[in-house]
Amino acid sequence: MAGPGRRSSTFTRLLRHGFTDPSAAERLLDGSELAAVRNDPVLLEALGATADPDLALLGLVRLLEAQQGRELLDTVIAAKPLRDRLLGVLGASTALADHLARHPQDWQALVTYEPRDLHPGVEEFERGLAEATDPVSLRVAYRRCLLSIAARDVCGTTDVAETAAELADLATATLRAALALAQAAAPADAAACRLAVIAMGKCGGHELNYVSDVDVIFVGEAADGVDEGKALKSATRLASHMMRICSETTVEGSIWPVDANLRPEGRNGPLVRTLSSHLAYYQRWAKTWEFQALLKARPVAGDLGLGEEYVAAVEPLVWKAAERENFVADVQKMRRRVVENIPAAEVERELKLGPGGLRDVEFAVQLLQLVHGRTDPSLRSGTTLDALQALAAGGYVGRADAVQLDEAYRFLRSMEHRIQLYRLRRTHLVPEDDADLRRLGRSLGLRADPVAELTREWKRHAAVVRRLHEKIFYRPLLDAVAQLAPGEARLSPVAARERLVALGYADPAAALRHLEALASGVTRKAAIQRTLLPVLLGWFADSADPDAGLLNFRKVSDALGKTPWYLRLLRDEGAAAENLARVLSAGRLAPDLLMRAPEAVALLGDGDGGGLEPRSRAHLEQEILAAVGRAQNAAQGVTAARGVRRRELFRTAAADIVDSYGTEANPAEPDQGALVDRVGGAVSDLTAATLAGTLRAVVGEGWGDTLPTRFAIIGMGRFGGHELGYGSDADVLFVHEPQDGVDEREAADAANKVVAEMRRLLQLPSADPPLLIDADLRPEGKSGPLVRTLKSYEAYYRRWSVTWESHALLRAEPVAGDEDLARRFIELIDPLRYPEQGLGEEAVREIRRLKARMESERLPRGADPKLHTKLGPGGLSDVEWTVQLLQLRHGRREPGLRTTRTRAAIAAARDAGLIAAEDAATLDEAWVLATRVRNAVMLVRGRAGDTFPSDARELAAVGRYLGYGEGRAGDMLDAYRRTARRARGVVEELFYEG
């Protein structure tokens, strides 16, 4: 033994051979089982070559303890094939080590090393299971066969695809053995029917995992002379018994669950159907995913003739699935549902179902098979890697991309296999513990720094898979139109059109023309476009209107293609290209604003263009007033102001779209209220700055530095509440006060001329959207003077003011002009909108009558009230009038209620105890949703609207903006009705009964 404080040479050697607990390993080597060979370099070398030397040594000692005599130890030392196989398994799987400890003679299954043992098929496995007479012995025989598969796998004799095929063949043999046991137990049932077992999923595709549900479908027919109903009952009993034999836990554990839920109607449908019943279901009721699942159907047990009939009958239906309406939407919806069901804490570790996982490759390959397999039988393989190879050979996927995806898929499947092999448990989660990661990395041949190397390789391959839509869906389309690599197989025009239709493009011929115009040729511009377009096409396809996205991109590219910075921005600034794709395909408003001045694309990048953060009102005013100051005349100045407004409207709309859709780097903003506040604040500040600049331009041209009268503009309605939408008019009041010594008539004439000129210049036809000024909320409405002096307002409000005017003044806030005059106007109206004694009962009744009349008279004929965001029950009007009634009644007493903003007033009413917290949340949610819908309608249609669009594509675009995926427009409408209905209940209580 080594002296105190010194490590033995064995300890050092064990460390060098990869042991993590050399002290425990020394003790095991010193034990009686291994004492004779403890210093044998061959043994230590072999242990050091395993995934986990400590685990392999412990497993070997346990196995030797269960032996009679030295046969095993002598064979391990003498025979390298057995040594590598046995220790390799013991170092990779505690579950198989446990099996060997319980069945110590099963190591002999690893001794033979003849060519036929290297790649066994179903027959060899059937022989291995032949002696099983009951579920327990079947499990033992199954594990013995599994032992040989694992040994070939960990030693590198078979690759991951061959291992998966062997596992599927073993499953086939096991299903046959289980069915034979069930038939032997019920010979009368076996005689009464023909029963075929169809493998589905990974077993059907010949690519099974170590531990996985085995998906099956059962087909039954009556034997000659047997009643069909009786035969199906017999077949169902046999099928159920077969499933239990495989699935139930015994003293030897279970084999794997047999899952028949892919059958017609799932778990609600009969377990066994006749062939004609299957066909009737598939022809009439089946969903897209069911045809996708049938890609892998393969008869494996029972009556194979009947199984072949089944496959032959359903195959034509499978290859017509891509012609179904909403085919791609259905496939993508199923993929999204899979991802959405992963617990958030596990997404990053989810090897199979997470983003960049195995299921992404499988879904994509199956989608292309269904699209192109209609006309190309070479693509009709149930095995993912074989299908990927066939897609590359046919030009449907680029060869280099196919090689990358093949490598990524193999690596991820190898990880999955080794993770499951350890305990023989069904899992797809990458472990978090360093010891587990070390064993996993070493099992894959990563020995220098197993944990770091494994993490790096895993992330690298996952990144390849995350980009797979770009690689396998879209790049071949660019190769087809660019035709730069002669001799390389590529998509035919027909196949290119088929693919574009499948990916959601309604006009594939136009899409191909756009692609050809953008990407053909050998110029640097075309080369950059060929790099960008595969990514952009995927983002367009993720929208409700891919065709519009691509068309708009071509228009922007045609306008900016010769500018040196445009393509460089999209290529080099990570966010710019994705932001542009989202903006161009989300509706009409943002692209229309962009086309009028395409250089605003620069705002979408990360650099000096200012990004998508809204600018402050002070910043906007400063820029607009500076532009007005440089202008030659008022018209030029207002043109400049409107140009800034157009650019900033685009910035606001683009930010809103990007935040609502989310990007690969940043998920969608979850706080809907924050999105509404951001748009309302930005558009209101922009409108105020535009009015300030226009006022300066008009006054400067007509009167120089000083107008004969002080002049102020008061925002009203949504403008005063900082809640303007994209299509809102500017509701205002105009107030003036003659300068000292100026005649009142002269002052009034000047004020009226200013207003008239401002309105004219802001509505002149131009490339910039007009800004409509609405002064209808002034005293006496349209009948009253457009501009009044402060004294005139005071006299009117003291003598003639009616309740609705006090109501309207709740939203009054200065926005432009003389600040002192505006302040005094607010001081004048405060007692009206926040009356000292609150509202009398008569005034409350008047407000309620007015609201009821407005609901009945203003709702457009034919509109569905339940979906009208402004006047419908639970809509904007309901919420706002309810809150404003509280402000009129309690505003004098509760300072928090003295706000022009709806959401702030709701919160203040809640804090003051005037509304229950739950009711306040209901009102706020309804108001935010209705506002979001109005913003969405304007973004999508390019014109304002208070109801959901009737056009299906526009409705889908509104849904995408609101966070509803493809095909979920109905869910969106249901959610709106539900939210509005709850809000109406609160309104009934607070407004009409409170």
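Following our numbering, the numbering of the sequence shown begins with 78 at its first residue and continues without gaps.
Even glycine gets a Cβ: it sits at the ideal position worked out from N, Cα and C.
- In terms of Cα proximity to A1013, the closest of M1049, R987 and I983 is M1049.
- Using a 10 angstroms sphere on the CB of Q606, the tally of other CB atoms reaches 16 or more, which defines it as buried.
- A distance below 8 Å separates the beta carbons of E957 and T979.
- Taking the Cβ atoms as the reference, L962 lies roughly 6 Å from I924, within the contact range of under 8 Å.
- In the structure shown, L159 falls within a helical segment according to DSSP collapsed to helix, strand and coil.
- When DSSP reads this structure, C280 sits in no beta bridge, so it has no partner.
- A Cβ-Cβ distance of about 30 Å is found for the pair L545 and L637, leaving them out of contact under the 8 Å criterion.
- Look at the beta carbons and you see the segment 616-625 not touching the segment 636-652: under three pairs across the two are nearer than 8 Å.
- Counting along the chain, I903 sits inside no beta strand (DSSP E); it lies in the alpha helix (DSSP H) bounded by residues E896 to R910.
- Minimum Cα-Cα distance from G861 among the listed residues D845, S878, P846 and P847 corresponds to S878.
- Using a 10 angstroms sphere on the CB of L849, the tally of other CB atoms stays under 16, which defines it as exposed.
- For V119, the enclosing alpha helix (DSSP H) stretches over residues P118 to G125.
- Using a Cβ distance threshold of 8 Å, A559 and S520 do not count as a contacting pair.
- Among the bridge pairs identified by DSSP, P815 is matched with T786.
- About 19 Å separates the beta carbon of G205 from that of V274, a gap too long to meet the 8 Å contact definition.
- For F1025, no alpha helix (DSSP H) encloses it, and the DSSP letter there is neither H nor E.
- Going by DSSP, A227 is part of the alpha helix (DSSP H) stretching over P212 to V231.
- Rounded to the nearest whole angstrom, the C-alpha separation of A929 and E439 is 58 Å.
- For T771, there is no enclosing beta strand (DSSP E); the enclosing alpha helix (DSSP H) covers residues Q749 to W780.
- Residue pairing from DSSP places I850 in a beta bridge opposite A807.
- Sequence-distant Cβ neighbours of G125 in its own chain, meaning closer than 7 Å and more than five residues away, are H94 and G95.
- When DSSP states are grouped into helix, strand and coil, E971 belongs to the coil group.
- Nearest to D669 by C-alpha distance, out of L1016, A268 and A398, is L1016.
- Within the segment 325-378, complete beta strand (DSSP E) segments of at least 3 residues are not found at all.
- When C-alpha distances from H696 are compared across T152, A1021, A769 and E142, the shortest belongs to A769.
- With contacts defined as CB atoms closer than 8 Å, A228 and V166 qualify as a contacting pair.
- For S954, the closest alpha carbon among the candidates G968, T1008 and I992 is that of T1008.
- Boundaries of the beta strand (DSSP E) harbouring T866: V864 to T866, taken from the DSSP string.
- With fewer than 16 other Cβ atoms inside 10 Å of its own Cβ, M931 counts as exposed.
- Sequence-distant partners of K364 (beyond 5 residues in either direction) whose C-beta falls short of 7 Å from its own C-beta, in its chain, are D407.
- Assignment of beta-bridge partners to H945 by DSSP yields T1024.
- One Cα belongs to D851, the other to V809, and the distance between them is close to 6 Å.
- Residue state for V448 is assigned as helix, using DSSP reduced to three classes.
- The continuous beta strand (DSSP E) containing D292 extends over residues V291 to A299.
- A distance below 8 Å separates the beta carbons of A248 and C280.
- Around the beta-carbon of K859, fewer than 16 other beta-carbon atoms lie within 10 Å, marking it exposed.
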